[in-house]
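Colleague: Just so you know, the protein sequences line up as chains V, L and U, in that order.
Per the numbering used here, the first sequence starts with residue 1, numbered consecutively.
Per the numbering used here, the second sequence starts with residue 1001, numbered consecutively.
Per the numbering used here, the third sequence starts with residue 2001, numbered consecutively.
Could you have a look at this structure, given as structure tokens, before my questions?
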Amino acid sequence: MSGHKADAKALLDDRGYSGPLIRGENPANLIEKPLQDRITETYYWKEQCFALNEASLCDRAVDMNFIGGTYGQQKASPFLCLVFKLLQLQPEREIVLYYLHNEEGFKYLTALAAFYIRLTFEPVEIYKALEPLLSDYRKLRRRRNDGFMITHMDQFIDDLLTKDRMCGTTLWKLPKRQLLEDLELLDERVSPLADEIEAIDNENDDAREGDE
Amino acid sequence: RQHLANTGQSGEVRKATLEDVRERLAWLKRKREEEKKDEVIDLKTRLETRQQ
Amino acid sequence: KNWDDDEDGELEQVDDTDGVDPEMEYAQWKIRELERVRRDRAAIEEAEKEREEIERRRNLSKEERE
């Protein structure tokens, strides 16, 4: 576990791969094969992602200015390249969580860590790590084929928790929150707006009773 | 260059610690703030020279 | 520094600066959060209804059998 090869040959060689597995798989395969190819053929991957480690990857991550999948001639975004790099590096958990909450305020690094967590953590841990960010409403630039648009961290996180496809990537099927609650693996989520919601509910109840 | 140092002769990349990551991000933050400051100073001097 | 040579201008047009209008940004978040809570509640109610319906049918068929 002391280091990894500067290039991704070991990661990409299915037969020869002997590194740690995630859910019984070579972590690279959390990204579909065609998309892997799109990533490794970019200039960004070859020139900017070569020989990065957990610290020097930050240089690239803080320079990101949009999230997204592929665009134009199916070109993979720097965001995807860095996700793939993380799959190769498999940083220690505390480092991933440090990225996620980085107090320096690098929001694209937070988004990157969130995506990686969605791909690699166990279900309960995913909810626990990501849900607090549903209160984070920093703006994120998102690139789609038809151009740029604004989304927000909380929307991005909500999408990661509820959708099957994000940033051109098929996400493995995350069990629904409700199921994990039924199994008593997760407590019910309390919205930061819970008090206000309760007040609204009471008002509605009163109004209904008034009608009767 | 950094990545050559990282890579060394073996083609192995040294794994970073949490402390490395912390320091790196703090440094990047400082760097960014200084760049911003420089921009402001730059703008000021340009405005001043224009007034002269 | 910008690896996306193409369409730089377009990127600049979509501004991701935070805190330009803090109250507005918070208010918009609130709307999104309330919508999520509403959606999640609706899903739970839906699941409960389904469960009740299954239960009801099971009871029906039991009575028929008896």
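All C-beta atoms in this analysis are idealised placements derived from N, C-alpha and C, irrespective of residue type, glycine included.
Predicted model, so just to flag it, every value in this text is computed and none were measured.
#1: Along the alpha helix (DSSP H) that carries Lys1048(L), what are the first and last residues, could you check?
#2: On the DSSP letters alone, give me the boundaries of the alpha helix (DSSP H) that Thr214(V) sits inside.
#3: Determine the DSSP secondary structure at Lys2030(U), reduced to helix, strand or coil.
#4: Taking the CB atoms as reference points, tell me whether Leu185(V) and Pro123(V) lie closer together than 9 angstroms.
#5: Going by C-alpha to C-alpha distance, which of Ala2043(U), Asp2015(U), Leu2034(U), Glu2025(U) sits closest to Leu193(V)?
#6: When the cut-off is 9 angstroms and only beta carbons count, does Ala2047(U) lie next to chain V?
#7: Going by the DSSP bridge assignment, what does Thr169(V) pair with across the sheet?
#8: If you reduce the DSSP assignment to three classes, tell me which class Phe293(V) lands in.
#9: Just the chain L side, please: which residues come within less than 7 angstroms of Ile95(V) by C-beta, in chain order?
#10: Provide the residue span of the beta strand (DSSP E) that contains Val1013(L), from first to last.
#11: Please tell me whether Met166(V) and Arg118(V) are closer than 9 angstroms, where the distance is taken between their beta carbons.
#12: What is the rounded straight-line gap between the Cα of Glu2045(U) and the Cα of Tyr17(V)?
#13: Checking 9 angstroms against the spacing of the C-beta atoms, do Phe66(V) and Phe79(V) come in under that value?
#14: In whole angstroms, what is the alpha-carbon distance linking Val96(V) and Asp206(V)?
#15: Is there at least one Cβ from chain L nearer than 9 angstroms to Asp267(V)'s Cβ?
#16: Taking the alpha-carbon positions, what's the Gln178(V) to Asp154(V) distance?
#17: I want to see whether chain L comes within less than 9 angstroms of Phe106(V), judged by CB atoms only; does it?
#18: For Ile150(V), which residues in chain U fall below 9 angstroms Cβ to Cβ?
#19: What would DSSP say about Met1(V), mapped onto helix, strand or coil?
#20: Going by the CB atoms, is the gap between Phe156(V) and Arg142(V) shorter than 9 angstroms?
#21: If I follow the unbroken alpha helix (DSSP H) through Cys81(V), where does it start and stop?
#22: Quick check: the Cα distance between Lys2001(U) and Glu47(V), rounded to an integer number of angstroms?
#23: Within a Cβ cutoff of 7 angstroms, which residues of the same chain sit near Thr42(V), ignoring the five residues on either side of it in sequence?
#24: In the stretch 1028 to 1048 of chain L, which residues sit with their C-beta less than 8 angstroms from some C-beta in chain V, listed in chain order?
#25: With distances taken Cα to Cα, identify the nearest neighbour of Asn102(V) among Arg1014(L), Leu1018(L), Glu1012(L).
#26: Could you name the residues of chain L that Val62(V) contacts, counting a contact when the two beta carbons are closer than 8 angstroms?
#27: Would you kindly work out how many angstroms separate the C-alpha atoms of Asp1020(L) and Pro27(V), rounded to a whole number?
#28: Where does Ile22(V) sit, in a helix, a strand or coil, going by DSSP?
#29: Can you list, in chain order, the residues of its chain with a C-beta nearer than 6 angstroms to that of Leu11(V)? Leave out the 5 residues immediately preceding and following it.
#30: What three-state label does DSSP hand Gly2009(U) in the structure shown?
Modeller: Let's see:
#1: In the second sequence, counting from the first residue as 1, residue 1048(L) sits at position 48. Sequence check: residue 1048(L) is Glu here, not Lys. Start and end: 1018 to 1051.
#2: It is not possible to answer for residue 214(V), since the shown part of chain V is limited to 1 through 212.
#3: Numbered from 1 along the third sequence, position 30 holds the residue referred to as residue 2030(U). Correct three-state label for Lys2030(U): helix.
#4: Position 185 of the first sequence, counted from the first residue, corresponds to residue 185(V). Position 123 of the first sequence, counted from the first residue, corresponds to residue 123(V). Yes.
#5: Within the first sequence, the letter at position 193 stands for residue 193(V). Nearest option by C-alpha distance: Leu2034(U).
#6: The residue given as residue 2047(U) occupies position 47 in the third sequence. By this cut-off, Ala2047(U) is an interface position.
#7: The count along the first sequence starts at 1 and reaches residue 169(V) at position 169. Looking at the DSSP assignment, Thr169(V) forms a beta bridge with Met166(V).
#8: Nothing about residue 293(V) can be read from this structure; chain V reaches only from 1 to 212.
#9: Against the first sequence, residue 95(V) aligns to sequence position 95. Neighbours of Ile95(V) on chain L, chain order: Leu1018, Val1021.
#10: Sequence index remark: in the second sequence, residue 1013(L) carries index 13 (1-based). Its beta strand (DSSP E) spans residues 1012 to 1014.
#11: Within the first sequence, residue 166(V) is the residue found at index 166, counting from 1. Within the first sequence, residue 118(V) is the residue found at index 118, counting from 1. Closer than 9 angstroms, so yes.
#12: Mapped onto the third sequence, residue 2045(U) falls at position 45. Mapped onto the first sequence, residue 17(V) falls at position 17. The straight-line gap from Cα to Cα measures roughly 46 angstroms.
#13: As a first step, residue 66(V) must be located in the first sequence, where it is residue number 66. As a first step, residue 79(V) must be located in the first sequence, where it is residue number 79. Yes.
#14: Along the first sequence, one-based indexing puts residue 96(V) at 96. Along the first sequence, one-based indexing puts residue 206(V) at 206. If you take the alpha carbons of Val96(V) and Asp206(V), they lie about 47 angstroms apart.
#15: Missing from the structure shown is residue 267(V); chain V here goes from 1 to 212 and no further.
#16: Within the first sequence, residue 178(V) is the residue found at index 178, counting from 1. Within the first sequence, residue 154(V) is the residue found at index 154, counting from 1. Whole-angstrom Cα-Cα distance: 19 angstroms.
#17: Locating residue 106(V) in the first sequence gives position 106, where the first residue counts as 1. Cβ-Cβ to chain L under 9 angstroms: yes for Phe106(V).
#18: On the first sequence, position 150 is the one that residue 150(V) refers to. Val2014, Asp2015, Asp2016, listed in chain order.
#19: Residue mapping note: residue 1(V) aligns to position 1 of the first sequence, counting from 1. Confidence at Met1(V) is low in this model, with a pLDDT of 44, below 50, so its placement is unreliable and no value can be given for it.
#20: Within the first sequence, residue 142(V) is the residue found at index 142, counting from 1. Within the first sequence, residue 156(V) is the residue found at index 156, counting from 1. For Arg142(V) and Phe156(V), yes; Cβs fall inside 9 angstroms.
#21: Counted from its first residue, the first sequence places residue 81(V) at position 81. Its alpha helix (DSSP H) spans residues 78 to 89.
#22: Within the third sequence, residue 2001(U) is the residue found at index 1, counting from 1. Within the first sequence, residue 47(V) is the residue found at index 47, counting from 1. Note that Lys2001(U) has pLDDT 44, beneath the 50 cutoff, so the model's placement of it is unreliable and the number below is only indicative. Whole-angstrom Cα-Cα distance: 12 angstroms.
#23: By one-based count along the first sequence, residue 42(V) stands at place 42. Lys75, Ala76, Cys81.
#24: Leu1028, Lys1029, Arg1032
#25: Position 102 of the first sequence, counting from 1, holds the residue named residue 102(V). Comparing Cα-Cα distances from Asn102(V) to each of Arg1014(L), Leu1018(L), Glu1012(L), the minimum goes to Leu1018(L).
#26: Within the first sequence, the letter at position 62 stands for residue 62(V). Within chain L, the residues near Val62(V) are Leu1025, Leu1028, Arg1032.
#27: Numbered from 1 along the second sequence, position 20 holds the residue referred to as residue 1020(L). Numbered from 1 along the first sequence, position 27 holds the residue referred to as residue 27(V). Looking at the two C-alpha atoms, the distance is approximately 24 angstroms.
#28: Residue 22(V) sits at position 22 when you count from the first residue of the first sequence. Note: Ile22(V) maps to strand in three-state DSSP.
#29: Taking the first residue of the first sequence as 1, we reach residue 11(V) at position 11. Only Ala28, Gln88 meet the Cβ criterion.
#30: Residue mapping note: residue 2009(U) aligns to position 9 of the third sequence, counting from 1. Here Gly2009(U) sits in helix by DSSP.
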